[in-house]
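> Below you will find the structure I want to go over with you.
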Amino acid sequence: MNVSVVLFTSDLRLHDQPPLRAALDGSGEVVPLFVVDRAVAAAGFAAPNRLAFLADCLRDLDTGLRERGGRLVVRSGDVVEEVCRVVCEADADEVHMAADVSAYARLREGRLRRALEGEGRRLHVHDTVTTAVPPGGLTPASSDHYAVFTPYFLQWSRQPLRDALGAPRTVRVPDPIGSEELPSRRGLPGLSPGLAPGGEAAGRRRLTAWLRDGVAAYEDRHDDLAGDATSRLSPHLHFGTLSPVELVHRARRKGGAGADAFVRQLAWRDFHRQVLAARPDAADSDYRTKQDRWRSGRAARKDIEAWREGRTGYPVVDAAMRQLMYEGWMHNRGRLLTASFLTKTLYIDWRVGARHFLELLVDGDLANNQLNWQWVAGTGTDTRPNRVLNPVAQARRHDPDGAYVRRWVPELAGIEGPAVHEPWKLSAPERAACASYPDPVVDLSEGLARFRRARGGE
Ligand SMILES: Cc1cc2nc3c(=O)[nH]c(=O)nc-3n(C[C@H](O)[C@H](O)[C@H](O)COP(=O)(O)OP(=O)(O)OC[C@H]3O[C@@H](n4cnc5c(N)ncnc54)[C@H](O)[C@@H]3O)c2cc1C
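Under our numbering, residues 683 to 1140 are what the sequence shown spells out, in order.
Right under this line is the structure:
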C-alpha cells in the first residue's frame, strides 16, 4: 500500500489543508507528522506564549485526526533527519508540506528535498496553504516583488482563488509509527496570564462569531482601542489553524464595507510575505536604509526599559505595552503607536522593538512583525517614511474617553475622561492620587526634533 508523509508546519488544521488532501488522494495511508524543530528554539524564536498556543494546536489536531481514525505523530530534533527517519519507518514514497517564505524555511525545504531525492523519494511543496495568493505569484513589470501595497492590492484583488477544501472524513495512519508525547502548556515559564487558547476548533469558533457579529462594523471600529473590535484571528493565521484562502472566501461571501476592509488586511499579510520571500535579509536588515545611527548607551537603555515595562509616562503607550505583557497580543493601533514612539520619538533601533514583540506576541511572525516594524520605522515600505505618530493625539483620537488607558494602567484608573491621556496637566490633588505613575521619559517636541535632525531635517 502507498504511504505518504504530511509534514505539518504553519498549517495546523484539517479544513482546507492541501498537503493532507494531496497525500490522501495519492495514498492509502498517511503519516501526519509534526517535528518540534530544535533549530527554532536554538534561534531564540520559541517564545513561551507561542509554545503554549502551539501545544493547544497540536492537541486539537491530534483530536481531529483521531475522530477520523488517525492520529498525529510528533517527533523532536532536526526536521530533515526526523522526516527522513519517519519516511524510512513508514516506507513512504512522498512527503507533502506547505510552502513558506523565511530564509530558514527555504533552507529547510532545500535540505529536505535533497535528502529525500537521495533516497528516491519525492517532496511536494504546496502553495496557497499559508497565504491566499502565493508569494512571487504577482510581480510588477520591473521587479521580482511589489514594494508598495496599493498596486499590489489592486492585482491581488483580481486574482482568482482556488476553492477551499473540506476536512477529510477518514485518515488512516500506518500502525507501527511511534510518536513522542504531545507538547503541553504545563510548566512553560513566564506565560502571559490572559493568553488566548489555540487550536483549529477555537479558531473556527472565533471565525464564525467574527463573521456573524464583528466584521460588519470592522471598517468603522478597527481603530477603536477600547472597543477591541478587530478579529483577533492573527494567532490562528500565524499557526495556520485557519486558512487564508477560506477566510477570504467566507468574508467575501459575507460582503459589505466591513468585510472588504477585513479582506484588505489579509492582503497586507500576503504583501509582507512576498516582500520577505524576495528579500529574506529584510528580517534583520533595513529594507530601505535611512543610514540611521540609532541611539545607544545608558540613557537609551533606560528608555528601552521604560518602554518594555509600560512606564514611559505616556499613558496610551504604556497601556498598549501592558496589554502585550498580559495577553501576549496587542491591538494594531497600539502596535503602530508604540513602535512609532520607540523608533521615532525615542530614536531606538527597530530591531530592539521587533525582538521584544517576538518574545511576547502569540501571533509573533517573522514577515508581519519585522516588516511592520520597518514600515513604522521608515526603513520599510511606507511611502511616507518620516511620519511620526504623536501619542497624545493618537490617544485622543482612538481612545477618546480614555477607557483603554484606564483598563490597562491601574495607577490612572481614578482619572475620568480624556484627561487621563495627559496626567502632567492634572491639578496637584489629582496628580497626587496617581503619584506612582511616572513622568514622561521624553518631551515630545524634543523627540521629534531629534528624529528630524537624524533623518536630515526632512
Ligand atoms: C509594529 C507591528 C508589529 C506587528 N507584528 C505582527 C506579528 O508579529 N504578527 C502578525 O500577525 N501581525 C503583526 N502586526 C500586524 C497587525 O498589528 C496584526 O496582524 C493585528 O493587530 C492582529 O489583530 P487581528 O487579528 O485582530 O487583526 P484584524 O484587524 O482583524 O486583521 C485580520 C488579519 O489581517 C492580518 N493583518 C492585519 N493587519 C496587518 C498588517 N498591518 N500587516 C500584515 N497583516 C495584517 C492579520 O493576519 C490579521 O489577523 C504588526 C503590526 C505592527 C504595527
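All C-beta atoms in this analysis are idealised placements derived from N, C-alpha and C, irrespective of residue type, glycine included.
#1: Let me know if Thr1027 comes out buried or exposed under the rule of 16 or more other beta-carbons within 10 Å of its beta-carbon.
#2: To the nearest angstrom, how far is it from the Cα of Ala960 to the Cα of Asp966?
#3: Counting Cβ pairs closer than 8 Å, one from the region 756–776 and one from the region 796–806, do we hit at least three?
#4: Grouping DSSP H, G and I as helix and E and B as strand, with all else coil, what is Glu1104?
#5: Given that a residue counts as buried once 16 or more other Cβ atoms are within 10 Å of its Cβ, and exposed if not, what is Ser866?
#6: For Glu882, I'd like the list of residues in its chain whose CB is within less than 6 Å of its CB, leaving aside the five on either flank, ordered along the chain.
#7: Ligand 1 and Thr890: does any heavy atom of the ligand fall closer than 7 Å to the residue's C-beta?
#8: Am I right that Glu1009 and Leu919 are in contact with their C-beta atoms under 8 Å? What's the rounded C-beta distance?
#9: What is the DSSP secondary structure of Asp968, counted as helix, strand or coil?
#10: Checking the sheet assignment: what are the DSSP bridge partners for Asp719?
#11: Give me the Cα-Cα distance between Val1091 and Val945, rounded to the nearest whole angstrom.
#12: Using beta-carbon positions only, say whether Pro701 and Ala780 come within less than 8 Å of one another.
#13: Below 8 Å on the Cβ atoms is my guess for Trp976 versus Ile1030; work out the distance and round it to an integer in Å.
#14: Can Ser692 and Asp809 be called in contact, C-beta distance under 8 Å?
#15: Nearest to Glu1068 by CA position, among Val1074, Gln1076 and Val1058, is which residue?
#16: Report the partner residues of Met779 according to the DSSP bridge assignment.
#17: So what does Pro714 bridge to, in DSSP terms?
#18: Starting from the Cα of Glu771, find the closest Cα among Ser925, Leu1126, Ser686 and Asp698 and give me that residue.
#19: According to DSSP, simplified to helix, strand and coil, what is Trp976?
#20: Does the beta-carbon of Trp950, which I'm using as the reference point, lie nearer than 7 Å to any heavy atom of ligand 1?
#21: Helix, strand or coil for Gly937? Go by DSSP, reduced to three states.
#22: Is Ser861 near ligand 1, judged by its Cβ being under 7 Å from some heavy atom?
#23: From Val897, Val999, Gly726 and Gly1138, pick the residue whose C-alpha is nearest to that of Asp974; which is it?
#24: Shorter than 7 Å, the distance from the beta carbon of Ser916 to the closest heavy atom of ligand 1, or not?
#25: Please identify the residue among Leu733, Asp895, Asp1064 and Ala911 whose C-alpha is closest to the C-alpha of Arg1015.
#26: Is there at least one non-hydrogen atom of ligand 1 closer than 7 Å to the beta-carbon of Arg1017?
#27: Taking Cβ to Cβ, would you say Phe1133 is nearer than 8 Å to Pro1073?
#28: Alpha carbon to alpha carbon, how far is His778 from Val807? Give it in angstroms, no decimals.
Let's see:
#1: buried
#2: 14 Å
#3: yes
#4: coil
#5: exposed
#6: Arg695, Asp742 and Thr923
#7: no
#8: With a Cβ gap of about 17 Å, Glu1009 and Leu919 do not count as contacting.
#9: coil
#10: Gly759
#11: 33 Å
#12: yes
#13: 6 Å
#14: no
#15: Rather than Glu, the amino acid found at residue 1068 in this sequence is Asn. Residue Val1058 is the option with its Cα nearest to Asn1068.
#16: Leu689 and Val807
#17: Val688
#18: Ser686
#19: coil
#20: yes
#21: coil
#22: no
#23: Gly1138
#24: yes
#25: Ala911
#26: yes
#27: no
#28: 6 Å
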